[in-house]
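Per the working numbering, residue 891 is the first one in the sequence shown, and the count goes up by one each step. Positions of the beta carbon are idealized from the N, C-alpha and C atoms, including for glycine. All figures in this text were calculated on a predicted structure; none of them were measured in a lab.
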Amino acid sequence: MTRTLTELSIREREHVISTVHREAEASGWSQLSNLRKSTLYSAWESQFNLTHATLKDGIMKGFDAAQGIPKKAEAEIQEEVATIFKMAGISTIEQAQMWTGKERADLLIGYTIKFPTHVIEIERADSWSEGLRQALWYQAAIFKAERRHVLPVLILFGNTTTERFEQVLSTCDHNHVTLSTHRLEIDGQLENNHSLGALINGQLLQN
């Protein structure tokens, strides 16, 4: 059974974090392709028996901070998305902490704060597969902890191509994940058919 950071001793936690950060730096992490990053994540998951979410949210976000990487566009997009949901009268929890440790979902929305219906991951289009994986993991974690079904949503931003977007949409459909966009450009044009506005206003059902 995979573990989270809270299940490690202080010494083991420090060892794991320092090892992962050292190997990430040696690999030239910021320049790696998504496929290569995924390979490293899988290796660390196996080596340390940790969940993917623990590595991504609990360890690698710390690596970014240690490298002096400035606030990512993802954080700014997240603030905008949360504001849009709140203005629509939808209860929103930002950086919702999971019951398994230090992992945090980008957003939980629902009827009330205590009645979440959707878990949302916000991701750059070029790393969409990581966001999809996270959304599904959080959905499973919530069900395991509370026996409550929430629906996973992936919101993409950034830039992509029509061919890649169709691939993402097909993969999300296959995994029963709702795909939406916010400030996503496809072949240089702003994507509107799956925008956050279309999702909130029910227009996705008409496309």
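Could you compute how far the alpha carbon of Glu969 sits from the alpha carbon of Ser981? 14 Å
Lys1034: buried (16+ other C-beta within 10 angstroms of its C-beta) or exposed? exposed
Test item: CB-CB of Asp996 and Ile1012 under 8 Å: yes
Please classify Ser936 as buried or exposed, where buried requires at least 16 other C-beta atoms within 10 Å of its C-beta. exposed
Residues sharing a beta bridge with Phe1005, DSSP: Thr1002
Opening and closing residue of the alpha helix (DSSP H) in which Glu1075 lies: Segment Thr1068 to Ile1076 is the beta strand (DSSP E) holding Glu1075; no alpha helix (DSSP H) there.
Reference Glu1003, options Glu1053, Gly1092, Met950 and Lys976, closest by Cα: According to the sequence provided, residue 1003 is Ile. The question's Glu does not apply to it. Ranking the options by Cα distance to Ile1003, first place goes to Lys976.
Using a Cβ-based criterion (distance less than 7 Å to any ligand heavy atom), does Ser1085 qualify as near the ligand PLP? You won't find the ligand PLP in this model; it holds no ligand whatsoever.
If you reduce the DSSP assignment to three classes, tell me which class Val1040 lands in. coil
Ile959, DSSP secondary structure in three states: Here Ile959 scores only 48 on pLDDT, less than 50, and its place in the model should not be relied on; the value that follows carries that caveat. In the structure shown, Ile959 sits in coil (DSSP, three-state: anything other than H, G, I, E or B).
Would you list the residues sitting across from Gly1048 in a DSSP beta bridge? Leu1074
Which term fits Glu915, buried or exposed, when burial requires 16 or more other beta carbons within 10 angstroms of its beta carbon? exposed
Measure from the alpha carbon of Thr894 to the alpha carbon of each residue in Leu1041, Leu922, Ser1060 and Asn939, then state which is nearest. Asn939
CB-CB length for Val1009 against His1072, believed under 8 Å: Their Cβ separation, rounded to whole angstroms, is 16 Å, which puts Val1009 and His1072 out of contact at 8 Å.
Count the other C-beta atoms from every protein chain shown that fall within 10 angstroms of the C-beta of Leu998, then say buried if there are 16 or more, exposed otherwise. buried
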